[in-house]
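Scroll down for the structure; my scribbles are underneath it.
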Amino acid sequence: MNKNIEISSIFERIADILELKGENIFKVKAYRKAARIFLEMTDDILSVWKNGKISSIEGIGKSMAEKIDEYMSTGHIRKYSELLAAVPESLLDMLKIQNLGPRTLLIAHEKLGIKDINDLERVIANGQLAAIPGLGDKKVENIKLGIELYKTGKDRISVGLALPVVEDIMVSVSKVSVRSSLAGSIRRMRETIGDVDILAVSNDSASVIDAIVNYPLVKNITARGETKASVIIETYNLQVDLRVVSEGSYGAALQYFTGSAAHNVKLRGLAKDMDLKINEYGVFRGDENIAGRTEEEVYKILNLAWIPPELREDRGEIEAAMHGTLPMLVETGDIQGDIHTHSTYSDGINDIRTIALAAKERGYRYIGICDHSRTSRIAGGMDEEKLKARNEEIDEVQSGIKGIKILKGIEVDILSEGQLDYPDRVLEKLDFVIAAIHQGFSKNAGMRMKKAMENPYVDIIAHPTGRLLSGRRGYELDIEEIIEYAAEKNVALEINSHFDRLDLNDANILKGRAKGARFLISTDLHKIDMFESISLGVGMARRGWLEKKDVLNTYAWEDVPLRRRI
DNA sequence: GCCGTTTTCGGCCCGACTGTTTTCAGTCG
0 MNKNIEISSI FERIADILEL KGENIFKVKA YRKAARIFLE MTDDILSVWK
50 NGKISSIEGI GKSMAEKIDE YMSTGHIRKY SELLAAVPES LLDMLKIQNL
100 GPRTLLIAHE KLGIKDINDL ERVIANGQLA AIPGLGDKKV ENIKLGIELY
150 KTGKDRISVG LALPVVEDIM VSVSKVSVRS SLAGSIRRMR ETIGDVDILA
200 VSNDSASVID AIVNYPLVKN ITARGETKAS VIIETYNLQV DLRVVSEGSY
250 GAALQYFTGS AAHNVKLRGL AKDMDLKINE YGVFRGDENI AGRTEEEVYK
300 ILNLAWIPPE LREDRGEIEA AMHGTLPMLV ETGDIQGDIH THSTYSDGIN
350 DIRTIALAAK ERGYRYIGIC DHSRTSRIAG GMDEEKLKAR NEEIDEVQSG
400 IKGIKILKGI EVDILSEGQL DYPDRVLEKL DFVIAAIHQG FSKNAGMRMK
450 KAMENPYVDI IAHPTGRLLS GRRGYELDIE EIIEYAAEKN VALEINSHFD
500 RLDLNDANIL KGRAKGARFL ISTDLHKIDM FESISLGVGM ARRGWLEKKD
550 VLNTYAWEDV PLRRRI
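Residue numbers 0 to 565, in numbering that gives the first Met the number 0, belong to the letters of the first sequence in order.
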């Protein structure tokens with residue numbers, strides 16, 4: 000499966016070079032599209048190639064098929080090598096700098112000989128860049144800002160970090176608008192977001208624009224027009240783009256600004272085939288605006304069912320909407336209980352009773368207390384004695400609380416040889432067992448995880464890749480293989496809702512779904528105010544096309560299709 | 001570079017904002 004990633008990154012790089020060289024932008028887009036296809040497709044490109052089916056993939060034509068042929072048989076692509084030789088790689092990385100596009104970068108390279116970011120900063124400082132015709136002080140100022148943002152790192156942050164920040168901005172916007180909504184990747188619930196898009200309806204767009212540029216945390220105003228403004232706020236250097244439209248265009252604008260780009264391109268192509276034109280103001284036949292008040296209207300006029308934002312990635316959702324086969328996506332309200340929670344018996348903040356009452360308050364029908372096993376000492380892992388005491392306390396708390404079932408679970412460590420941290424006689428007495436790797440990420444992680452799944456008491460694998468969005472790479476294993484094995488052994492895969500994990504993510508959930516795997520959505524909470532974050536996991540599940548039936552904890556506890564019951 | 005029961009050539013989604021321009025290119029989403 001690594002071949003998918005390899006070829007995807009090569010094509011992405013080819014696109015970078017072609018773009019920099021000022022090649023036809025549609026050729027560049029064709030390569031970027033292909034890169035995305037290979038990255039996201041659930042099939043292994045190697046086996047597709049072996050079956051001679053590469054050129055039957057939509058978007059892959061003769062030229063790209065030949066390049067893949069060459070790569071598979073020789074290990075390299077001649078054209079790629081030639082392109083690489085023509086452009087310093089350090090230059091390509093600079094394409095990520097905001098406000099510095101390929102045109103300007105190429106001119107700076109050709110006229111001033113810049114090769115990397117240090118060179119760029121030098122020609123900015125000595126005024127050479129601003130002296131180039133077509134540029135000027137203001138443009139260079141914006142490029143400087145782009146460099147600053149680029150250097151402070153992370154161009155994308157977890158959607159779970161962004162949402163609480165954005166909530167407060169939305170309060171300011173909603174005060175001065177008739178209607179407002181998040182749009183863009185944050186509405187689609189992508190695991191990470193690069194900026195925040197907000198759409199507002201108002202007859203007085205100036206006051207909405209004022210509200211955003213005067214928002215207390217704004218540190219830069221990068222654009223300020225009559226209907227659109229763009230600011231950067233202190234928190235995470237987050238860029239916030241606001242657009243104001245009239246009531247009649249709300250649906251068209253919301254559709255447009257929610258994206259994704261790939262989804263919109265395909266949608267607009269469909270419209271074109273019907274002699275219609277879609278823009279953010281509506282759907283037009285000639286000059287007549289025939290739809291656009293709601294998103295439903297926009298989709299309906301194209302003979303499509305309304306598509307939930309989480310699906311809008313051009314992964315087959317438009318075809319499904321055409322044929323009436325969109326999935327009935329799982330919703331936060333479907334969740335009947337959270338079974339990955341930590342109490343004071345390991346590294347949680349709250350006691351069992353507090354957790355149970357908070358869960359009941361949320362309307363859950365069951366709650367699973369799932370502390371760490373003994374080897375996770377740093378996380379307060381329990382020895383057998385402590386586990387016994389915890390289970391007794393669960394019984395005691397349960398006897399005082401009606402209306403919610405408190406379950407005895409464990410997050411058991413997968414040890415160095417794949418054995419579990421407790422013997423089977425301990426595991427079998429628990430209501431459920433979640434197994435996880437917490438140490439030795441690079442030591443046979445795949446083998447160990449598979450061995451753990453062979454234990455009949457293991458119901459679920461927690462955070463299956465171990466990656467953290469803040470930067471940790473995760474376990475060294477072949478996740479495809481793990482997903483397939485889990486599906487085969489009826490072990491469920493966790494969708495961990497912690498903002499830094501979101502593990503599994505959408506791409507892996509899609510792969511699991513294709514293999515018939517089951518999933519658990521949980522918070523992995525260590526304090527009760529994290530119960531809310533379940534919606535992040537649900538968001539990932541929805542992006543992975545999951546329905547209620549695919550998710551264990553949408554069932555009443557007696558009906559949860561745990562492995563031991565199947 | 002890809003694609004095509006109107007096309008094998010000529011399209012490829014569409015528009016706002018900015019800055020440096022005397023009408024538009026570059027960048028962004």
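Beta carbons: idealized from backbone N, C-alpha and C, even for Gly.
Let me check one thing: in DSSP terms, what residues is residue i bridge-paired to?
| i | result |
| --- | --- |
| Y365 | G336, K404 |
| R189 | None, per the DSSP bridge assignment. |
| G281 | N278 |
| N288 | F283 |
| Q127 | Per DSSP, none; premise fails for Q127. |
| D581 | Nothing about residue 581 can be reported from this structure: the residues present for the chain run from 0 to 565 only. |
| M567 | The structure shown does not extend to residue 567, since the chain spans only 0 to 565, so no value can be given for it. |
| E493 | L519 |
| V178 | The question names Val, but residue 178 in the sequence shown is Arg. The partner list for R178 (beta bridge, DSSP) reads V200. |
| D502 | N495 |
| S532 | S532 pairs with nothing; no bridge assigned. |
| E166 | Its beta-bridge partners do not exist; DSSP assigns none. |
| D412 | A435 |
| A222 | S229 |
| V566 | The structure shown has nothing for residue 566, since the chain only spans 0 to 565. |
Tell me whether residue i is buried or exposed, calling it buried when 16 or more other Cβ atoms sit within 10 Å of its Cβ.
| i | result |
| --- | --- |
| M273 | exposed |
| G398 | The amino acid at residue 398 is misidentified as Gly; the sequence shows Ser. The residue is exposed, with fewer than 16 neighbouring Cβ atoms inside 10 Å. |
| M93 | buried |
| G258 | buried |
| R376 | exposed |
What's the C-alpha gap between residue i and residue j?
| i | j | result |
| --- | --- | --- |
| E166 | I403 | 31 Å |
| K2 | I366 | 42 Å |
| E309 | L419 | 37 Å |
| E294 | L253 | 7 Å |
| W556 | V432 | 14 Å |
| R541 | A513 | 14 Å |
| K407 | T340 | 11 Å |
| G336 | E427 | 21 Å |
| D115 | F530 | 46 Å |
| D523 | P163 | 19 Å |
| D423 | E233 | 51 Å |
| E633 | P87 | The shown model of the chain, from 0 to 565, leaves out residue 633, and the question about it has no answer. |
| D430 | E453 | 18 Å |
| S245 | T221 | 23 Å |
| E392 | I405 | 11 Å |
| D42 | A491 | 21 Å |
| I16 | H108 | 13 Å |
| G135 | A64 | 44 Å |
Going by beta-carbon coordinates alone, are residue i and residue j separated by less than 8 Å?
| i | j | result |
| --- | --- | --- |
| S188 | S179 | Correcting the residue identity first, residue 188 is Met in this sequence and not Ser. The answer is no: Cβ separation not under 8 Å. |
| S521 | E493 | yes |
| V282 | L275 | yes |
| V175 | S206 | yes |
| G543 | D505 | yes |
| G445 | E480 | yes |
| S372 | E416 | no |
| H262 | E312 | yes |
| S72 | F37 | no |
| I334 | T553 | yes |
| G51 | A33 | no |
| A270 | Y298 | no |
| D458 | R364 | no |
| A434 | I482 | no |
Does the stretch 462-481 come close enough to the stretch 498-507 to have 3 or more Cβ pairs within less than 8 Å?
yes
Do the stretch 310-328 and the stretch 339-355 meet, that is, are 3 or more Cβ pairs less than 8 Å apart?
no
Quick test of the definition: if touching needs 3 or more C-beta pairs under 8 Å, does the stretch 227-244 touch the stretch 194-206?
yes
Contact between the stretch 324-343 and the stretch 545-552 is defined here as three or more beta-carbon pairs at a separation below 8 Å; is this criterion met?
yes
Does the stretch 88-105 come close enough to the stretch 139-159 that 3 or more CB-CB pairs lie under 8 Å?
yes
Do the stretch 436-443 and the stretch 383-400 meet, that is, are 3 or more Cβ pairs less than 8 Å apart?
no
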